[in-house]
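I have placed the structure first, in the form of structure tokens, so that the comments after it can refer back to it.
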Amino acid sequence: MLMNIDEDIKKASTPPSLFYTSKEIFNKIISVFENSYQYVCHESELLKNSNIPFYLFEDWLDIPLVITKDNNNIFCLSNVCTHRGNIVCNKKNNQKKLVCNYHGRSFNLDGTINYAPGFKETKNFPSKNDSLNKNINLLNWNGLLFVNAGENESILKGLNEINNLINWYPFDNLSFDEKASKTYKINANWALYCENYLEGFHIAYVHKGLSSDIENQSYETILLEHGVLQMAKSKDKKDSIGETGLINNVPSNQIYALYFWLFPNIMLNFYKWGISVNIIEPINNNKTRIRFISLPIKSYKQRSGDSNSVDCIELEDQRVVLNVQKGIKSKFYNRGRYSAQHEKGTHHFHRLISKYL
242 MLMNIDEDIK KASTPPSLFY TSKEIFNKII SVFENSYQYV CHESELLKNS
292 NIPFYLFEDW LDIPLVITKD NNNIFCLSNV CTHRGNIVCN KKNNQKKLVC
342 NYHGRSFNLD GTINYAPGFK ETKNFPSKND SLNKNINLLN WNGLLFVNAG
392 ENESILKGLN EINNLINWYP FDNLSFDEKA SKTYKINANW ALYCENYLEG
442 FHIAYVHKGL SSDIENQSYE TILLEHGVLQ MAKSKDKKDS IGETGLINNV
492 PSNQIYALYF WLFPNIMLNF YKWGISVNII EPINNNKTRI RFISLPIKSY
542 KQRSGDSNSV DCIELEDQRV VLNVQKGIKS KFYNRGRYSA QHEKGTHHFH
592 RLISKYL
């Protein structure tokens, strides 16, 4: 199936419902995610645990990896023992070696093999293949760690664009807040969540709290090469993102928040209090994991508990997305049209994803 999204938003129709419901089409996007940079953790987490295991797209692609820190060097390694394929590191720890609990093989924190019981008589051992694979792209962007198990580096352009726009942001003062961070699973297609994020058209109707904080008429969508920036002015300057800076000719002390989306599934939201990172992870064609990561600035806390807070807005978004998931299955719906005024970001997303279908 071809998406056939016209490059002219005024003429274009949205994707057919089959795009969201078909398992066959869903399987075609594997290459998109296998070759993408994904957020793993903030470097502040490595102060507490030098070894952090994780699965890239858990419950879907299930690629076991581990972040390690040896002195000031950070590595991303395969977390699969080179002997019989056992998972080596099963939980966060501060151990100086990675030790497989199956047959005792151990590895240094740079992935090189350290000790292998029972292999004295094995010829041509050890070879480089007996060390943990570390040919995994690791990117430390302002303290946020991203990994890529493939080759696509399009996110680098997007992150560079963000750097150029907000080089004044206090990245050095960010740290991970585990209590404020959450993970959700929703019974909806991953793309529906991205589409909802990529337009501010719904804010006045869905997010009454947020709508009361921003000047809705100032909401702006800026298309980047491999991403989208959305922004709006704050009604009250005390809620603005910063004191010194200029974003698209708008002073930062007038801006409520900056919402960056990076293809295909990373969302970086900049507020006065810090950054929230949303990672939208497909599980199957109708189930999605949303990892919500809180990175507050020192002496600030993530706003929570009221109608303007990001956790409340998150739940409001999820309710809408779940309703759309039900609606696209109807025999009376196939595809719609774009609001040329408000849905440039969603149209841009569909154009990017259509290249892989």
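Be aware that the sequence shown starts at 242, since it is given in this note's numbering, and climbs by one per residue. Just so you know, even glycine gets a beta-carbon here, dropped at the ideal spot from N, CA and C. Small disclaimer: the values here were computed from a predicted structure and weren't measured.
Starting from the C-beta of residue i, find all residues in its chain whose C-beta is less than 6 Å away, skip the five residues before and the five after it, and write them out in chain order.
i      : result
His685 : It is not possible to answer for residue 685, since the shown part of the chain is limited to 242 through 598.
Asn389 : Tyr278, Asn378
Thr587 : Glu436, Leu439, Glu440
Tyr343 : Asn327
Tyr460 : Gly441, Ala473
Lys333 : Asn290, Ile293
Glu466 : Lys398
Lys539 : Asn414
Ser545 : Asp552
Leu499 : Met472, Phe511
Gly486 : Trp409, Ser493
What is the residue span of the beta strand (DSSP E) that residue i lies within?
i      : result
Gly577 : Looking at the DSSP string, Gly577 is not in any beta strand (DSSP E), and its letter there is neither H nor E.
Ala498 : 496-503
His283 : 279-283
Asn374 : Looking at the DSSP string, Asn374 is not in any beta strand (DSSP E), and its letter there is neither H nor E.
Ile354 : 354-356
Val447 : Counting along the chain, Val447 falls outside any beta strand (DSSP E), though it belongs to the alpha helix (DSSP H) covering 444-447.
Asn314 : 314-319
Leu385 : 385-389
Pull up the DSSP beta-bridge partners for residue i, would you.
i      : result
Leu297 : Ile304
Glu461 : Met472
Gly515 : Pro537
Thr485 : Its beta-bridge partners do not exist; DSSP assigns none.
Lys426 : Arg530
Pro523 : Thr529
Leu339 : Phe348
Asp311 : Asn314
Ser254 : Arg578
Pro492 : Leu487
Ile455 : Ser475
What's the call for residue i, buried or exposed, on a 16-neighbour Cβ count within 10 Å?
i      : result
His591 : buried
Gly468 : buried
Asn564 : exposed
Asp351 : exposed
Ala253 : buried
Trp409 : exposed
Arg346 : buried
Ser571 : exposed
Asn331 : exposed
Ser368 : exposed
Ile483 : For the record, residue 483 in the displayed sequence is Gly; it is not Ile. Flag for Gly483 reads buried.
Leu470 : buried
Thinking just about the alpha-carbon of each residue, which of the options is nearest to the one in residue i?
i      : options                        : result
Ala421 : Asp247, Pro537, Asp300         : Pro537
Val273 : Asn506, Trp514, Asp558, Phe573 : Asn506
Ala581 : Thr255, Arg560, Trp502         : Thr255
Val562 : Leu487, Asp454, Asn428, Asp477 : Asn428
Thr323 : Trp301, Ser372, Glu402         : Ser372
Ile488 : Ser347, Asp480, Val321, Ile407 : Ile407
Phe348 : Lys364, Lys375, Asn365, Glu362 : Lys375
Ser416 : Lys570, Leu297, Gly515, Ile524 : Gly515
Leu464 : His448, Leu503, Gly486, Phe511 : Leu503
Lys251 : Tyr579, Ile594, Gln559, Pro358 : Tyr579
Pro523 : Lys426, His589, Asp552         : Lys426
Trp382 : Glu402, Ile482, Thr424         : Glu402
Phe295 : Leu288, Tyr280, Thr353         : Tyr280
Asn320 : Ile554, Thr353, Val518, Ile594 : Thr353
Leu601 : Pro411, Pro492, Asn355, Asp249 : Shown here, the chain extends from 242 to 598; a query on residue 601 therefore has no answer.
By Cβ distance, which residues of its chain are closer than 8 Å to residue i, with the 5 residues on each side in sequence left out?
i      : result
Ile266 : Met242, Leu259, Phe260, Asn526, Leu598
Asp454 : Ser475, Lys476, Asp477, Asp480, Tyr497, Asn549
Give the range of the alpha helix (DSSP H) segment to which residue i is assigned.
i      : result
Thr587 : 585-595
Leu556 : 551-568
Val273 : 271-275
Phe412 : It is not in any alpha helix (DSSP H) - Phe412 carries neither H nor E in the DSSP assignment.
Leu259 : 259-262
Glu402 : 395-406
Cys322 : Element bounds for Cys322: n/a, residue is neither H nor E.
Glu466 : Per DSSP, Glu466 belongs to no alpha helix (DSSP H) and is neither H nor E.
Glu436 : 431-438
Excluding the 5 residues preceding and the 5 following residue i in the sequence, name in chain order all residues of the same chain whose CB lies nearer than 7 Å to its CB.
i      : result
Gln336 : Asn292
Ala445 : Ser452, Asn457
Asn393 : Asn276, Ser277
Gly568 : Tyr574
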